[in-house]
Amino acid sequence: MGAVYKVRHRLLDEVRVIKVVLPHAGPASELRDRFLREARAASRLGHPNVARILDFLVDEEGHQVLVLEHIDGLTLKEVLELAGPPPLGLAVEIARQTLDALGTLHRRGFVHRDIAPDNLMLSRSAGGGPLVKLIDLGIAKAMVSDTGDLDASLTQTGIFLGKPRYASPEQFAGELVDARSDLYSFGIVLYELLTGKYPFRGRTLHELLAAHLHAEPLAFEESDPAEQVPEALRAVVLRLLAKRPDDRFQTAEDLAAALAPLAVPWPPQALDEILALRRPEPARPAVAFSAPVAAVATRRTVQPDSPLPAAVAALEPAPPFLSAPGSRSRLRLTPAAVALGVAALLALMLWAGRASFQGKPTAQGSPALQQPAPSAATSTATPAPTPPAPPASTPAGLPPGYSPARPADKPEPVYPDQAAGTGLTVRVTVDLEIDDRGRVVKAVAPFVDAEKQIPWELYRPFKNAALRAARTLRFEPATRYGKPIRDRVRLVIEVRPP
23 MGAVYKVRHR LLDEVRVIKV VLPHAGPASE LRDRFLREAR AASRLGHPNV
73 ARILDFLVDE EGHQVLVLEH IDGLTLKEVL ELAGPPPLGL AVEIARQTLD
123 ALGTLHRRGF VHRDIAPDNL MLSRSAGGGP LVKLIDLGIA KAMVSDTGDL
173 DASLTQTGIF LGKPRYASPE QFAGELVDAR SDLYSFGIVL YELLTGKYPF
223 RGRTLHELLA AHLHAEPLAF EESDPAEQVP EALRAVVLRL LAKRPDDRFQ
273 TAEDLAAALA PLAVPWPPQA LDEILALRRP EPARPAVAFS APVAAVATRR
323 TVQPDSPLPA AVAALEPAPP FLSAPGSRSR LRLTPAAVAL GVAALLALML
373 WAGRASFQGK PTAQGSPALQ QPAPSAATST ATPAPTPPAP PASTPAGLPP
423 GYSPARPADK PEPVYPDQAA GTGLTVRVTV DLEIDDRGRV VKAVAPFVDA
473 EKQIPWELYR PFKNAALRAA RTLRFEPATR YGKPIRDRVR LVIEVRPP
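For the sequence shown, my numbering assigns the number 23 to the initial residue and increments by one for each residue that follows.
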């Protein structure tokens with residue numbers, strides 16, 4: 023639907039998240055309605071377990087901006103990847119808080135349709151305890167006809183939205199969905215929280231569809247051979263994963279009541295240990311690249327001929343992505359622009375749709391804005407000097423003894439044949455998983471960006487070109503106290519005409 027940015031409010035000195043719906047993301051009228059639905063639904067909830075919406079705006083041209091609170095924590099997906107299943111008592115508490123948010127959502131007449139580990143975040147409350155936040159209502163759907171602010175065409179059956187790994191059987195079947203569909207999706211999340219295993223087998227969409235519709239969940243005897251999950255809790259989860267909605271718990275409140283007797287204490291240090299595992303933002307130790315490579319491996323803000331110099335002037339200079347350890351970028355509003363006022367937001371929206379950004383990801387999937395890197399078109403190529411030796415001490419913000427993976431060569435994407443003659447230069451953000459030998463084991467492309475609007479049919483060819491180039495890269499592996507480890511790296515690869 024768009025892009026997400028981590029920003030800092032200059033006057034209040036608060037970190038926030040801005041979601042921008044990109045003009046080329048799909049039919050403008052449908053996206054505008056879906057965007058307004060998310061904003062209105064979340065702003066009316068006012069629930070401590072739902073990320074707060076601070077402001078939202080749609081201009082006459084359809085550009086949309088949503089300003090949310092920034093959650094300082096980890097998604098449940100990251101928790102499982104970094105720490106594995108949390109202690110039983112903490113998992114039940116995470117479930118209780120999630121159900122509290124879902125119950126409120128359902129009572130207000132909405133079904134979420136996209137409950138998944140990456141839409142739930144674990145952070146710390148003001149009192150120091152665990153705090154769960156539902157961070158995305160982007161495809162929430164009205165269950166009742168009198169909500170007044172939803173287009174009926176967006177609530178019809180037969181439209182599949184959400185993630186196939188967590189979708190209910192009725193979503194795949196194109197049937198009407200209600201609160202029980204969310205409870206099925208949450209049952210999969212709870213199964214993973216308790217065992218660290220996904221309850222169905224299937225790698226392709228067809229296999230997942232068949233598993234959700236017909237297959238029994240993975241037996242606890244296989245996923246929990248040590249029998250750490252009590253029998254009563256197993257029964258609750260299996261009831262959630264029933265194929266027929268009538269066989270599941272009917273409301274979030276019913277499920278919460280069934281879980282209440284199963285709550286147990288957990289080690290007080292467990293939350294600290296989990297949150298301490300959050301991945302460092304990609305402020306890297308200094309790496310010496312030649313100018314052309316630096317232009318390829320970084321994301322830039324705006325070009326010198328940006329049509330909105332006022333928006334550029336509103337940014338406070340920030341260090342380049344590859345220049346300084348621990349550097350943090352900020353979006354700075356001019357004093358004349360009142361805190362996230364309408365004028366500044368409009369400028370940001372229009373700028374986001376026409377310019378490219380330098381960013382660093384957050385747990386909410388958000389890159390923060392940074393200054394331009396040198397352009398390959400204007401820089402003089404020089405041989406890449408030998409990378410400097412690792413620093414004697416760990417830079418601020420990185421785990422002790424950690425040195426990140428570093429690219430050993432330059433990506434060389436092949437320009438797509440389908441784009442021949444268009445003259446498009448496209449920047450594709452690629453997230454890579456690097457093993458302890460410096461090999462790329464996984465690559466995904468979450469963002470595609472260009473100065474000009476990209477025809478819809480060219481998105482996949484450009485993404486594939488960047489992904490093919492990324493998968494051939496070699497890296498100096500990340501290390502922890504000198505021992506090679508797996509790591510994640512974000513690059514922006516430019517795909518240019520030959």
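The beta carbon of each residue, even a glycine, is placed where N, CA and C say it ideally should be.
Under the 10 Å beta carbon count, Lys464 is surrounded by fewer than 16 other beta carbons and is classified as exposed. Sequence-distant partners of Ala491 (beyond 5 residues in either direction) whose C-beta falls short of 7 angstroms from its own C-beta, in its chain, are Pro433, Glu434, Pro435, Ile515. The alpha-carbon of Tyr424 is positioned some 28 angstroms away from that of Val154.
No Cβ-Cβ contact shorter than 9 angstroms links Ala278 with Arg130.
Secondary structure at Arg32: coil, using DSSP grouped into helix, strand and coil.
Look at the beta carbons and you see the segment 203-211 touching the segment 125-139: at least three pairs across the two are nearer than 8 angstroms. As the crow flies, the alpha-carbon of Ile507 is around 34 angstroms from that of Ala189. Bridge pairing for Ile515: Val450 [DSSP]. Just so you know, the alpha carbons of Gln86 and Pro468 end up roughly 19 angstroms apart. Contact between Arg512 and Asp453 holds: their C-beta atoms lie close to 5 angstroms from each other, under 8 angstroms. Counting only runs of 4+ residues, the alpha helix (DSSP H) found wholly inside the segment 240-304 occupies 242-245, 253-262, 274-281, 292-297, in chain order. The beta carbon of Leu98 is closer than 6 angstroms to those of Pro139, Leu142 in its chain, skipping five residues each way along the sequence. The distance from the Cβ of Gly218 to that of Pro107 is about 4 angstroms, consistent with a contact at the 8 angstroms cut-off. Taking the Cα positions, Ala233 is about 14 angstroms away from Arg266. Exclusion of the five residues before and after Ile456 leaves Ala427, Val462, Val463, Phe497, Pro499, Ala500, Arg508, Asp509, Arg510, Val511 as the residues of its chain whose Cβ lies within less than 8 angstroms of its Cβ. According to the DSSP assignment, Leu489 belongs to the alpha helix (DSSP H) that extends over 481-493. Non-local C-beta neighbours of Arg270 in its own chain, meaning closer than 7 angstroms and more than five positions away in sequence, comprise Arg202, Leu205, Tyr206, Arg261, Leu262, Ala264, ordered along the chain.
Around the beta carbon of Gly196, fewer than 16 other beta carbons lie within 10 angstroms, which makes this residue exposed.
Taking the C-beta atoms as reference points, Leu480 is found no nearer than 9 angstroms to Val466. Taking a 10 Å sphere around the C-beta of Leu90, we find 16 or more other C-beta atoms and assign the residue as buried.
With a minimum length of 4 residues, the unbroken runs of alpha helix (DSSP H) contained wholly in the segment 80-110 fall at 98-105. Linking Thr494 to Ala282 through their CA atoms gives a straight-line distance of about 50 angstroms. Between Ala73 and Leu156 a beta carbon distance of about 7 angstroms is seen, short of the 8 angstroms cut, so the two are scored as contacting. A direct Cα-to-Cα measurement between Arg62 and His69 gives close to 13 angstroms.
For the segment 201-246, the continuous alpha helix (DSSP H) assignments of 4+ residues that do not extend past its boundaries occur at 201-217, 227-236, 242-245, in sequence order. For Pro438 and Ile476, the gap between their C-alpha atoms comes out near 13 angstroms.
Excluding the 5 residues flanking it on each side, Gly125 has same chain C-beta neighbours closer than 6 angstroms at Ala274, Glu275, in chain order. Distances from the alpha-carbon of Ala241 to those of Arg223, His228, Leu235 put Arg223 closest. Inter-residue distance for Pro252 and Leu121 is about 20 angstroms (C-alpha atoms, whole angstroms). With contacts defined as CB atoms closer than 9 angstroms, Ser145 and Gly111 fail to qualify as a contacting pair. Ser190 carries a coil assignment under DSSP once its states are collapsed to helix, strand and coil. Cβ neighbours of Pro287 within its own chain (closer than 8 angstroms, five residues either side excluded): Gly111. Between Glu214 and Tyr220, the C-beta spacing is below 9 angstroms. Taking a 10 Å sphere around the C-beta of Asp294, we find fewer than 16 other C-beta atoms and assign the residue as exposed. Less than 9 angstroms divides the Cβ of Pro519 from the Cβ of Thr444. By the criterion of a C-beta distance shorter than 7 angstroms, Val101 is surrounded in its chain by Pro108, Leu144, Ile296, once the five residues flanking it on both sides are discounted.
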